[in-house]
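Protein chains in written order, with the numbering used here: chain P, 872 to 1306; chain A, 477 to 1061. Each residue gets a CB set at the ideal place from its N, CA and C atoms; glycine is no exception. Here's the structure, in structure tokens; my notes come after.
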Amino acid sequence: MHKVYSQILQIAGDVITVEAADVAYLELAEIRTSHGVSLAQVIRLDGNKVSLQVMAGSRGISTNDKVRFLRKPMQISCSQDLLGRVFNGSGQPRDYGPPLVDNLIDIGGPSVNPAKRIIPKNMIRTGIPMIDVFNSLVESQKLPIFSVAGEPYNELLARIAMQAEVDVIILGGMGLKYDDYILLRDTLEERGALSRSVLFIHTASDPTVECLLVPDMCLAVAEQFALKGKRVLVLLTDMTNFADALKEVAITMEQIPSNRGYPGDLYSQLAARYEKAVNFEGTGSITILAVTTMPGDDVTHPIPDNTGYITEGQFYLREGHIEPFGSLSRLKQQVNDKTRPDHRAIMDRMIQLFADYRETLEKRSMGFQMSAWDEKLLRYGKRFEEELMDLSVNIPLEQALDRGWKILADIFEAAEIGIKDSLIKEYWPKEAVAQ
Amino acid sequence: MIKEMRRGQVVGVNGNMVTIEFHDTVIQNEVAYVLVGQERLKSEVIRVRGKRAELQVFEDTVGIRIGDAVEFSGELLSVELGPGLLGQIVDGLQNPLPQLAEQYGFFLKRGAYLKALDERQLWEFTPAVKVGAKVKAGDKLGTVPEKIFQHWIMVPFAFQGEFEVTAIVSKGQYPIGTPVAKLKDVIGKEHQVTMVQTWPVKMAIKAYTQRLRPAVPLVTKIRIIDTLVPVAVGGTFCTPGPFGAGKTVLQHLLSRHAQVDIVIVVACGERAGEVVEILKEFPHLVDPRTGRSLMERTIIICNTSSMPVAARESSVYTGVTLAEYYRQMGLNVLLLADSTSRWAQAMREMSGRLEEIPGEEAFPAYLESRIASFYERAGVVKLRDGTIGSITIGGAVSPAGGNFEEPVTQATLKVVGAFHGLSRDRANARKYPAVDPLESWSKYKSFIDEAKVHKGVSILRRSHGINQMMKVVGEEGMSTDEFVDYLKGEFFDAVYLQQNAFDKTDEATSAERQRHVYSLIEDIIDQKFKFANKDESRKFFQQLRQVFVTWNSTTFQSVEFLHKEQDIRQRIADLSASPSLAIGS
């Protein structure tokens, strides 16, 4: 029988301090209050003073409530039975299914030995030209979707999940609006994907601390599936809420904040999660797509900023489309030389021309005379936006590349676009007439 | 003399910091082990107050309990130095990662440490001194061939004063632990010397006679760097840039192409995937200078972002200590640290846990001095036998928000000799390497004549100025001459400063080719063209650029190269004019 302590010395924020002996760092405990039972995790040891973050929040805790240490860190059951199930941020069932207790594994396990990693080589096709052509998604990649409130990021996430060829989908919701949770779940269900999905959902109305464990649970489960040879896609939305929860606990613990109140280890905390993306040689893989909403659409805010340094690129979702500038897949070079010889040239040149187009737009808005070149750029930009950038465009990569050549040839002369002669010879549409 | 193991016990845990109570004595910065069940977690003493000391633990601290035992080792955090380091992949504490993987599989195991050097491997030792010779720390006692180098077996750097060689083994095969020499100090005490020695990472190895001024340009084969913002052999440079600006790609290019003997890559708190690219690619890449695999001249220290934070801090020191060791053999070493910001953040995390009074952005007050003393470990030195060795240090900096005003960038700029600032605008426009040619600076000299370089910089400035002006008054507000200058600047940028890292030829340009191509660029900058109007000039430069880019990917001095060059020169000649004819539209 575990010893029970009932000497709560301090309650501040969602952290309580209790006097206890023989407690391990990051051990789990159970607190029994008049409102029910909640899990709590040890986050600091100082002599016999033990600080715990309480999952359900500290509201209603009495100084003589009972704390029972469970002598184990946070664990999650991991088996095939997880598929199709929905859990909350403490790992308890959120659907009406039974709790799972078999094959418990620790969450937040050790890091993969870099020497055991392999160079990613498989492209994940999404049917979205802005991704496939310009910033290809690669198996084992970790990519955030930088967006702002109001943008259809969860819809984009759902669409990629449905179209990407993976074996298991793990969805982690943090501070998710209830409606969005239902939307994501229903999309998975309608398209028959729920049976190969596991959902860990913390909604906006749940206690803040509960969202802290969501990424770790998702990734621990993902790791188990990947080690069994499955290609796992982990979707996390929204990591900003996770970082804000970290901030809340850090401030409660009186840690010295580094930047806008966020703890100094924000980078390491985020990295520990994102770096779980991996391709295990000979077995499966984990690919992570995570939504990060940027407070005030500011990419220099500590959350998107630290995220950008960790992840292998980022997609900017703005005004309903994936922005060509700033969006980047760092791993695309691993795969886009194996698709078609013209892939890289089209990717580079079309973006450069689009940048020129944006500049011309600026010039025009200031009332400057448009040169013949400017006119061409304006026509080009418009067609680029309509035929490639629009999120409703859903075509395979090869078709998108052909469409790119067509747009270029309709507007420019071959010599104007600065692509290597050999490629021009092969791909420049013959019937095109420069205008 | 057997000393009893000094011990202590845990009284507090806060993240990766453990507070302990000790009974006897402790040494600041000594290595200690926290005993958790069967595991021994390596840590370092970082503060002592009364009978308590704080340790930073180089491992995950989950499961540590109050009262757990702590053992002190009496040694400062050190690395092993000896033959067999080249080609290694180690973590921040010098544990060889491939060997760990062999034993423990996919995941890093807490508390598992391995010796950095293979104790069974035999090395062909050739003595270089005779009995009776007088030697000092750092002097060569013999050599063993290691990969493509003659690896010096030296008098240990910790030996103070003069010694007399009283015994030395004959030429033959020995493992590193074999005593190869006996040295007698001034009071007649004999010391055994093996092929391996240890050295505390946070202290610089200074077994040389003199530090020299870095004056020879380091050929990196990156045109924008070599021509505009060069680095000197033995110099220091930093590469700050926002995420996505190509810091790591640039560092990888440097590690592949820079003309040095040895490259040490410290992947400090960055993505594991990036290191993997080096790990997997380097063994297959051939170093054009030696014809051997690039891995043979490379050491990788890999403490990526999800690995323990405290070991991240030590990884930078481990790297520079290994660099110093090879410098002592008269070799030129390039140390690339990616990223020094993560190292600074590791210091910040620990400083926060120690509840030190924070400086700007919560970085500790000693941030600047730590950064300065790290870069100061670079330099060209003259060894006791007159040989010259060098360490060039290049540090990537990841400024928060891409803003160079932040403390780490500012502290770094104060101590480096060259600043390669990467710009988000250039990266967004896919202009790689995204080094900003107008913001960046270097205190070193290029191998291209200064006056010529100046010409290039002026046209860039002028072009930039005209571009800014055109944004206000429009193209129509500029004369054709001005417009042509604008195009010249853009052209110079596009065909020379930008380089295609994914083109086998264009990714690296030799010094000779740079001189050759730059002189043609200079001709174009100087050239007065006769253009009827702006559209014609734009078209001309677009086409010229097209040819030039193709030219860049031809092999130097090949038939195709010469042919393309002829084409370019002809195009220029066709449109050149005497100054009197060059009147705008």
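Residue i burial status per 10 Å Cβ neighbour count (16 or more: buried)
i	result
G720(A)	buried
T956(A)	buried
E1233(P)	exposed
F1032(A)	exposed
A883(P)	exposed
P759(A)	exposed
P970(P)	exposed
R525(A)	exposed
N904(A)	buried
F978(A)	exposed
D966(P)	exposed
Counterpart residues of residue i in DSSP-defined beta bridges
i	result
M1251(P)	The amino acid at residue 1251(P) is misidentified as Met; the sequence shows Tyr. Paired residue(s): none; Y1251(P) is not in a bridge.
W675(A)	V555(A)
R483(A)	E547(A)
T1163(P)	F1017(P)
F954(A)	According to the sequence displayed, residue 954(A) carries Met and not Phe. None; M954(A) has no bridge partner.
N808(A)	S866(A)
N779(A)	C744(A)
V572(A)	Per the sequence presented here, residue 572(A) reads as Pro, with Val not at that position. Partner(s): V566(A).
L729(A)	Paired residues: none, contrary to the question.
K943(P)	In the DSSP output, where bridge partners are listed per residue, K943(P) has none listed.
A799(A)	Per DSSP, none; premise fails for A799(A).
Residue i (DSSP reduced to helix, strand or coil)
i	result
P621(A)	strand
D536(A)	coil
V792(A)	helix
A545(A)	strand
M1260(P)	helix
Y1049(P)	helix
L914(A)	coil
M994(P)	strand
S1061(A)	Model confidence at S1061(A) stands at a pLDDT of 32, short of 50, so the residue's coordinates are unreliable and nothing is read from them.
A1286(P)	helix
K723(A)	helix
I630(A)	The displayed chain sequence assigns Met, not Ile, to residue 630(A). Correct three-state label for M630(A): strand.
S933(P)	coil
S995(A)	helix
Range covered by the beta strand (DSSP E) that runs through residue i
i	result
P706(A)	Run containing P706(A): none; DSSP gives neither H nor E here.
G1184(P)	1184–1189
L598(A)	598–603
M493(A)	493–498
S519(A)	515–525
E506(A)	506–512
E1230(P)	Careful: E1230(P) lies outside any beta strand (DSSP E), inside the alpha helix (DSSP H) at 1214–1236.
R1211(P)	Run containing R1211(P): none; DSSP gives neither H nor E here.
N1130(P)	1128–1130
V921(P)	920–925
Span of the alpha helix (DSSP H) around residue i
i	result
P1086(P)	1085–1098
I942(A)	926–949
N1112(P)	1110–1123
D904(A)	Here the sequence assigns Asn to residue 904(A), which means Asp is not the residue at that position. Residues 900–904.
N1028(A)	1010–1028
G907(P)	First-last for G907(P): 907–917, but that is the beta strand (DSSP E), not the alpha helix (DSSP H).
L1028(P)	1024–1034
A1271(P)	1268–1282
D977(P)	From DSSP, D977(P) is part of no alpha helix (DSSP H) but of the beta strand (DSSP E) over 975–977.
T696(A)	Note, T696(A): premise wrong, no alpha helix (DSSP H); not H, not E.
Chain C contact residues for residue i, given Cβ-Cβ distances below 8 Å
i	result
V739(A)	Considering every chain present, this structure includes no chain C. Its protein chains are P and A.
Near the ligand NAD: residue i beta-carbon under 7 Å from a heavy atom
i	result
G806(A)	This structure lacks the ligand NAD; in fact it carries no ligand of any kind.
I want to know whether the stretch 587–598 of chain A touches the stretch 562–579 of chain A - three or more CB-CB distances under 8 Å.
yes
Is it the case that the stretch 1083–1090 of chain P contacts the stretch 1061–1073 of chain P, given that we only count it when at least three CB pairs across the two stretches are under 8 Å?
yes
Is the stretch 1050–1057 of chain P touching the stretch 1212–1229 of chain P, taking contact as three or more C-beta pairs under 8 Å?
no
Counting pairs of beta carbons, one from the stretch 923–930 of chain A and one from the stretch 697–707 of chain A, are three or more of them closer than 8 Å?
yes
For the 8 Å Cβ check, are there 3 or more pairs between the stretch 973–984 of chain P and the stretch 934–953 of chain P?
yes
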